[in-house]
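*Asks:*
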Amino acid sequence: MSQDNQFKEVNESYTLPEAVREAQRCLHCKVPACKKGCPISNDIPDWIAELAKGNFGNAMHIINNRSNLPAVCGRVCGHERQCEGNCVLARKGEHINIGKLERFVADFDSDAGLTHEAIPEKSRGRVAVIGSGPAGLTIAGDLARKGFAVEIFEMESEPGGVLMYGIPEYRLPKEVVRREIKKIENLGVMFHLNTTVGEQLTVDDLFKRGFDAIFMGTGTGVPKRLNISGNNHPAVRQAIRYLRRVSLYESGLIDRSEVIVGNGDRVFVIGCGNTAIDAARTAIRMGSSEVTVVYHRTVDQMKALRSEYEDAVNEGVKFLWNTSITNIEALDGEHLRSVTVETEGEPPRIVPADHVVMAVGSAPAARIVSTTTGIEVDDKGYVLTRDNPYGMSTRKGVFAGGDVSNRPATVVHAMRDAKQVAEGIERYVDAIKLLAAIDH
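Position one of the sequence shown corresponds to residue 54 (this note's numbering), numbered consecutively onward.
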């Protein structure tokens, strides 16, 4: 793989005739199992029917009713476990390629400039959104369409959160993320970049600025660690931070030397979720000579999608099942000497290694909670929320959703949770405005 196209998007899009032909295969079931399988209840048969007739604008309008990020979902959703896995044709191994069709409609719409949504007057209230990942963008899009003035506060220099810095370019091109964010900006949403709530300003400051409600969609930025001897060595990297550095390098914002992992290295990745697979495939693209994923369970118990696993195998990633790393031995400042590998039923082995990448989950940072009062968290740092109004924390007017509240696990699940929180915010702000009007 040449240096120039190592991060080129792996999966090709449909051409227009291919998309229409695929859409025409849909049976338009009376009780669509695909829609039940979709976490955000996308009206899949309806927009596929429009696509089959060549009505691309209508198809996009239907998708927009449920999703703010169709070009993203079409690429990174777990379709095999959701819509496509529930398609009645899946029993014959001939499911409709729903993800690829959604991506086609979203891309075609953007390229042709078909969709121009009417922006409602922003008169229902003001909402601050902290973080611009999938949850924050969904909240912003939903509330902006319903007449709320929404402002997003993002600590990075570019919005997108995990979509921009945590999912590699070959799975989700940055330009696609920028395009989806531009659509949300066109709804009248305002972005404040390089702004860290909890450092430059607090939740109390936001309320003083006149916001009626605040949404925390800050994700989980603190990586978890395993208790392995030697795991504090600089050559032991955290997957989410490694992926972020590669993203910054690809964007020209940091030098190649700051990425560390790659360049002929022997790399071990601990964990087997999608982040672990992303880290392994990225390490291959950055020039590592050998990349091995180590997982303490079996292939059938991994959290990663089977399709992502198969792509990784095809690219040369190796997998050790029922295996753990129990010791990490250092060599010098930047490299390791070896790792001790223990596979179930076999004696321990000492294997040469240059780097270890940890992909064993992450937890929320405490920046916001520690700089304000009244927001309670559980013993792991996740924000406690209530069901009525949905998503509100123990502090009145402060809502939370996505990973920070320990509910979702994927982009689309964060979006589903955020859609419910958006409805909670809507009801809450309408109620406080009504009470204020009665009091006056």
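Note that the Cβ used here is the ideal one computed from N, Cα and C, for glycine as well.
It should be emphasised that the depicted structure is a prediction, and the values quoted were computed from it without experimental measurement.
(1) Considering residue 240, what are the terminal residues of the beta strand (DSSP E) in which it resides?
(2) Between residue 267 and residue 452, which are expected to be in contact by the criterion C-beta below 8 Å, what is the C-beta distance as a whole number of angstroms?
(3) Going by DSSP, name the residue or residues bridged to residue 411.
(4) How is the beta strand (DSSP E) around residue 269 delimited, first residue to last?
(5) Taking just the CA atoms, how far does residue 259 sit from residue 178?
(6) Would you call residue 243 buried or exposed, if buried means 16 or more other Cβ atoms sit within 10 Å of its Cβ?
(7) For residue 206, list the residues DSSP reports as bridge partners.
(8) Name the two residues that bound the continuous beta strand (DSSP E) containing residue 380.
(9) Can you have a look at residue 449 and say buried or exposed, based on whether 16 or more other CB atoms are within 10 angstroms of its CB?
(10) Would you list the one or two residues that DSSP bridges to residue 282?
(11) Using only the alpha-carbon positions, how far apart do residue 218 and residue 224 sit?
(12) Alpha carbons only, please: which of 124, 317, 253 is nearest the one belonging to residue 420?
(13) Compute the distance between the beta-carbons of residue 397 and residue 375, then report whether it is under 8 Å.
(14) For residue 264, collect the residues of the same chain with a Cβ closer than 7 Å to its Cβ; drop the 5 residues on either side in sequence, then sort them by chain order.
(15) For the beta strand (DSSP E) containing residue 212, list its first residue and its last residue.
(16) Which residue comes first and which comes last in the beta strand (DSSP E) that contains residue 402?
(17) Hey, how far is the Cα of residue 491 from the Cα of residue 485?
(18) So that I know if they touch, is there some Cβ in chain B lying closer than 8 Å to that of residue 150?
(19) Check whether the Cβ atoms of residue 233 and residue 332 sit closer than 8 Å, and answer yes or no.
(20) Kindly indicate which three-state DSSP category residue 371 falls into: helix, strand or coil?
(21) Ordered along the chain, which non-local residues of its own chain (more than five positions away) have a Cβ less than 8 Å from that of residue 57?
(22) Report yes if the C-beta distance between residue 293 and residue 378 is below 8 Å; otherwise report no.
(23) How many Å lie between residue 117 and residue 371 at the Cα?
*Replies:* On the basis of the data shown:
(1) Note, residue 240: premise wrong, no beta strand (DSSP E); not H, not E.
(2) 7 Å
(3) 291, 323
(4) 266 to 269
(5) 14 Å
(6) exposed
(7) 183, 245
(8) 376 to 383
(9) exposed
(10) 380
(11) 12 Å
(12) 253
(13) yes
(14) 179, 180, 181
(15) No beta strand (DSSP E) contains residue 212, which DSSP labels as neither H nor E.
(16) 402 to 405
(17) 10 Å
(18) Of the protein chains in this structure there is only one, and it is not chain B.
(19) no
(20) strand
(21) Only weak support is given to the placement of residue 57: the predicted model assigns it a pLDDT of 47, under 50, and the question is left unresolved by the model.
(22) no
(23) 40 Å
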